[in-house]
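Residue numbers for the sequence shown follow our numbering, beginning at 265 and rising by one. Glycine included, C-beta positions come from ideal geometry on N, C-alpha and C. Below is one structure, written out as structure tokens, with a few remarks after it.
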Amino acid sequence: MNKQIRQRLIVYFRPTYAETIQTDMSVQDLLLNGRERIFTSVLRFTSLFIIFALLSTLPNLISKSLWGLVIFYTLFSATVYIFSIFRHIHLFLRILSFMTLLYVGGVIDLCYFGIGEDWRLYFTGLSVTAVLFIGWRAGMFSIGLSILSYTVVAWLISNGLIVPSATMMAIQIPSIENIITTNLIFLIVNAGIVTAVDALLHEYHLVSQKERTTAQSLCLQTAELEESLNREQHLATELKSALDREEELSQLKSRIIATVSHEFRTPLTVIKNASDLLKRHHISLSEEKRNKYHKWIDESIFYLTELLQDASLIESANTQKLAMRKKVMLFGDFCHRVQNDLESESYSSFNIHCQIQGNPHTTILIDYDIVRQVINNLLTNAQKFSSSEDTITLKLALMDQLTIAVMDQGIGIPTAELDRVWELFYRGSNVVTTQRGLGLGLYIVRQLVEMMNGTVTAVSPYPTAGKKGSAFIVTLDVVQERKAEPMVV
Ligand code: ADP
Numbered sequence: 265m266n267k268q269i270r271q272r273l274i275v276y277f278r279p280t281y282a283e284t285i286q287t288d289m290s291v292q293d294l295l296l297n298g299r300e301r302i303f304t305s306v307l308r309f310t311s312l313f314i315i316f317a318l319l320s321t322l323p324n325l326i327s328k329s330l331w332g333l334v335i336f337y338t339l340f341s342a343t344v345y346i347f348s349i350f351r352h353i354h355l356f357l358r359i360l361s362f363m364t365l366l367y368v369g370g371v372i373d374l375c376y377f378g379i380g381e382d383w384r385l386y387f388t389g390l391s392v393t394a395v396l397f398i399g400w401r402a403g404m405f406s407i408g409l410s411i412l413s414y415t416v417v418a419w420l421i422s423n424g425l426i427v428p429s430a431t432m433m434a435i436q437i438p439s440i441e442n443i444i445t446t447n448l449i450f451l452i453v454n455a456g457i458v459t460a461v462d463a464l465l466h467e468y469h470l471v472s473q474k475e476r477t478t479a480q481s482l483c484l485q486t487a488e489l490e491e492s493l494n495r496e497q498h499l500a501t502e503l504k505s506a507l508d509r510e511e512e513l514s515q516l517k518s519r520i521i522a523t524v525s526h527e528f529r530t531p532l533t534v535i536k537n538a539s540d541l542l543k544r545h546h547i548s549l550s551e552e553k554r555n556k557y558h559k560w561i562d563e564s565i566f567y568l569t570e571l572l573q574d575a576s577l578i579e580s581a582n583t584q585k586l587a588m589r590k591k592v593m594l595f596g597d598f599c600h601r602v603q604n605d606l607e608s609e610s611y612s613s614f615n616i617h618c619q620i621q622g623n624p625h626t627t628i629l630i631d632y633d634i635v636r637q638v639i640n641n642l643l644t645n646a647q648k649f650s651s652s653e654d655t656i657t658l659k660l661a662l663m664d665q666l667t668i669a670v671m672d673q674g675i676g677i678p679t680a681e682l683d684r685v686w687e688l689f690y691r692g693s694n695v696v697t698t699q700r701g702l703g704l705g706l707y708i709v710r711q712l713v714e715m716m717n718g719t720v721t722a723v724s725p726y727p728t729a730g731k732k733g734s735a736f737i738v739t740l741d742v743v744q745e746r747k748a749e750p751m752v753v
């Protein structure tokens, strides 16, 4: 036989599940699907059996003009066939109709064919279907109903009230003993079948339930294991990144120590030479020269102090030792403090123009010391990279955010290097050796601004008075409470 046809025949008589079996299905649903499969298989075999039964009995029934029986058997066959094919018809309807047909078929068989023929087949089918889908009690009830029906019909036949008209065998007239014996045999055989089917189903139910519980607890354990594995992995990644960071920091520290200590040499030599000269030739030196050496010493000390401050700031920012100490203050007070500090610092030799915009009564929440450090670094750079006659502008503007801008007319930053100036130890290609520095200032500015969740950008050229110039713009979210007062410039 062609392999494909054979395969189709096998699937027809041993159908697969009507629904796709899901792992989260309840045991009840699983069992129902299994039983539906058995039921469909039984219907398909039954419809095959019916074809042969019809072929052998129909000519007999037609010859005896038993049209009622012809119609019943044809309807019976059609129903079984339809139910065996259309599995989506509700299972309850299919079972109930099939059981009714089996019962009616059994009674008709008894009445028309007598006690010796197929009635046992119908009634056994009925009790098996009942136990399969409804339970043991329904199975036993079907047996009782079958025995009662048999007894009644057999008694009617033995009393001549019913005469089996379709049988081709000699009509048997059952005696009381016949009826009792047949009933006993039927009862024992069917009760055995019903109980066996029920026990089988019960066992199957238990096994499935046990299997499901095991599978569920396995799933749970797997999920727990997966979760703890994920946790471990997460911890390992965190540990690795902490270690990497630690290593990075230690390399950074070594680099800072090496570079800064190297940078110390020149100013220390300047201090040493100047103080030696002052000591040895104090009397012979002119007032002007003495002042010059003192200035060298002051400048070198200032430079060294700045260097040390920068190095310690980087260390604190990188090891998160730098704690923010935000305080509430009025924008006006903030501006005054900045202006006062500017006047007292060494920028005084430069022409620093201060612009203020915003309502002085608006309250802001700010860590003044950190902001001051940012402004200081930007102004020091502006001063370093400009000539003394250039103007430096410091703008403090408060709108939705606080904007701090430092603009100069100095040497500017080559466009290609605008992104690189924030790197540690980076110095622009247009910087000359007299413009001393180590490339720490802007790195610190970015670290501090990010600490305050703000942004900082560099713009160059920033054309002011026809020169190149640069501008550094810092924006911070600091506004606490806005006062409905007119803007004061
Ligand atoms: P340093 O000032 O010690 O060189 P910074 O980190 O402060 O280090 O600045 C890095 C580089 O950015 C500087 O070397 C310079 O090239 C450039 N730069 C910073 N500020 C200015 C400025 N106001 N004008 C021109 N270039 C600047």
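Exercise for the section: Would you mind stating whether G701 and L688 have Cβ atoms separated by less than 9 Å? Expected result: No, these two residues do not count as a Cβ contact at 9 Å.
Practice task
Please determine, among V392, F356, R351, the residue with the shortest C-alpha to C-alpha distance to Y367.
Solution key: Cα-wise, what sits closest to Y367 is V392.
Problem - Uninterrupted beta strand (DSSP E) stretches inside the segment 430–500 (no shorter than 3 residues) - result: With a minimum length of 3 residues, no continuous beta strand (DSSP E) run stays inside the segment 430–500.
Problem - C-alpha gap between I349 and T304, whole angstroms - result: Approximately 8 Å between the Cα atoms of the pair.
Exercise for the section: Using only the heavy atoms of the ligand MN, determine whether one of them is closer than 8 Å to the beta carbon of I677. Expected result: Questions concerning the ligand MN fall outside what the structure shown contains, since the ligands it does hold are the ligand ADP.
Problem - Inter-stretch contact at 8 Å, needing at least 3 Cβ pairs: the segment 569–581 / the segment 645–653 - result: By the Cβ criterion, the segment 569–581 is not in contact with the segment 645–653, since fewer than three pairs of Cβ atoms, one from each stretch, lie closer than 8 Å.
Problem - Backbone CA spacing between V752 and K556 [nearest angstrom] - result: Unreliable positioning characterises V752 in this predicted model, as indicated by a pLDDT of 46, which lies under 50. The coordinate reading is nonetheless provided below. Taking the straight line from one Cα to the other gives about 45 Å.
Exercise for the section: Can you grab the Cα-Cα spacing for the pair L606 / D597, in whole Å? Expected result: Here the C-alpha atom of L606 lies approximately 14 Å from the C-alpha atom of D597.
Exercise for the section: Using 8 Å as the cut-off, classify the Cβ of A587 as near or not near the heavy atoms of the ligand ADP, replying yes or no. Expected result: Checking the Cβ of A587 against the ligand ADP gives no.
Practice task
Determine the extent of the beta strand (DSSP E) in which N615 is found, giving its start and end residues.
Solution key: Residues 615–621.
Practice task
Identify whether I677 lies in helix, strand or coil by the three-state DSSP scheme.
Solution key: Here DSSP, grouped into helix, strand and coil, assigns I677 to coil.
Exercise for the section: Using DSSP bridges, identify the partner residues of V417. Expected result: Looking at the DSSP assignment, V417 forms no beta bridge with any residue, so it has no partner.
Handout entry: First and last residue of the uninterrupted alpha helix (DSSP H) at V334
Key = 331–349 is the extent of the alpha helix (DSSP H) around V334.
Exercise for the section: Identify every residue that forms a DSSP beta bridge with K659. Expected result: Answer is Q619, A669.
Practice task
Flag K648 as yes when its Cβ comes closer than 8 Å to any non-hydrogen atom of the ligand ADP, and as no otherwise.
Solution key: K648: yes, Cβ under 8 Å from the ligand ADP.
Practice task
Could you please give me the residues that DSSP links to K504 through a beta bridge?
Solution key: Per DSSP, none; premise fails for K504.
Practice task
Sort out for me which residues DSSP pairs T739 with in a bridge.
Solution key: Beta-bridge pairing links T739 to T667, T719.
Exercise for the section: Compare the beta carbon distance of V458 and G408 with 9 Å and say whether it is the shorter of the two. Expected result: Result no, Cβ atoms of V458 and G408 do not sit closer than 9 Å.
Exercise for the section: Rank I675, I565, Q573 by C-alpha distance to the C-alpha of F649 and give the top, closest one. Expected result: Of the listed residues, the one whose Cα sits closest to F649 is I675.
Practice task
Starting from the Cα of F405, find the closest Cα among T388, I421, S439 and give me that residue.
Solution key: F405 has its Cα closest to that of T388, out of T388, I421, S439.
Problem - Three-state class that DSSP yields for V753 in the structure shown - result: With a pLDDT of 42 at V753, under the threshold of 50, the modelled position of this residue cannot be trusted; read the value that follows with caution. Coil, per DSSP.
Handout entry: Proximity of L571 and F528 at Cβ, strictly below 9 Å
Key = Yes, they are a contact pair.
Practice task
Check whether the Cβ of Y227 lies closer than 8 Å to any heavy atom of the ligand ADP, and answer yes or no.
Solution key: No answer is possible for residue 227: the residues shown for the chain start at 265 and end at 753.
Exercise for the section: Go to T569, then tell me how far its alpha helix (DSSP H) extends in each direction, as first and last residue. Expected result: 551–582 is the span of the alpha helix (DSSP H), which, as asked, contains T569.
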